[in-house]
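Notes follow once the structure below has been shown.
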Amino acid sequence: MLLTKGNVWGGTVEQELSDAQWKLIQPWLPAPKRRGRPRADDRRTINGVLYVLRTGCRWQDLPGEYGSSVTCWRRL
Numbered sequence: 029m030l031l032t033k034g035n036v037w038g039g040t041v042e043q044e045l046s047d048a049q050w051k052l053i054q055p056w057l058p059a060p061k062r063r064g065r066p067r068a069d070d071r072r073t074i075n076g077v078l079y080v081l082r083t084g085c086r087w088q089d090l091p092g093e094y095g096s097s098v099t100c101w102r103r104l
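Here it is, written out as structure tokens:
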């Protein structure tokens, strides 16, 4: 679990999806395609979207640990 200080609400925010939450979300995501570029990690990308929504930061300020900010924005 990753905690961050200094968000827009002034407190700490739990950033990562729990395993239980992920088990509920994962079946609703499309299966990976057989050809083409490998799909970005879904869990990491969703955590990136949640980070932006919770903190109010700009997409280009998304920490690198969540992957590409453009990928996260497109998946939103």
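Numbering (this note's numbering), first residue to last: 29 to 104.
All C-beta atoms in this analysis are idealised placements derived from N, C-alpha and C, irrespective of residue type, glycine included.
- Neighbourhood of L45 by C-beta, 8 Å cutoff - its chain only, sequence neighbours within 5 removed: I53, R71, I74, N75, L78
- Query: Enumerated in chain order, which unbroken segments of the alpha helix (DSSP H) with a length of 4 residues or greater are wholly contained in the stretch 51-82?
  - Reply: none
- Buried or exposed: where does Q43 fall if 16 or more other Cβ atoms within 10 Å of its Cβ makes it buried? buried
- Query: Under the three-state reduction of DSSP, which class applies to Q88: helix, strand or coil?
  - Reply: helix
- Item | Close beta carbons around W13, own chain, < 7 Å, minus the five adjacent residues each side | Nothing can be reported for residue 13, as the shown portion of the chain is limited to 29 through 104.
- Taking DSSP as the reference, what is the three-state secondary structure of S97? helix
- Counted within 10 angstroms of its Cβ, other Cβ atoms place L104 as buried (16 or more) or exposed: The Cβ neighbour count for L104, taken over all protein chains shown within 10 Å, is under 16; the residue is labelled exposed.
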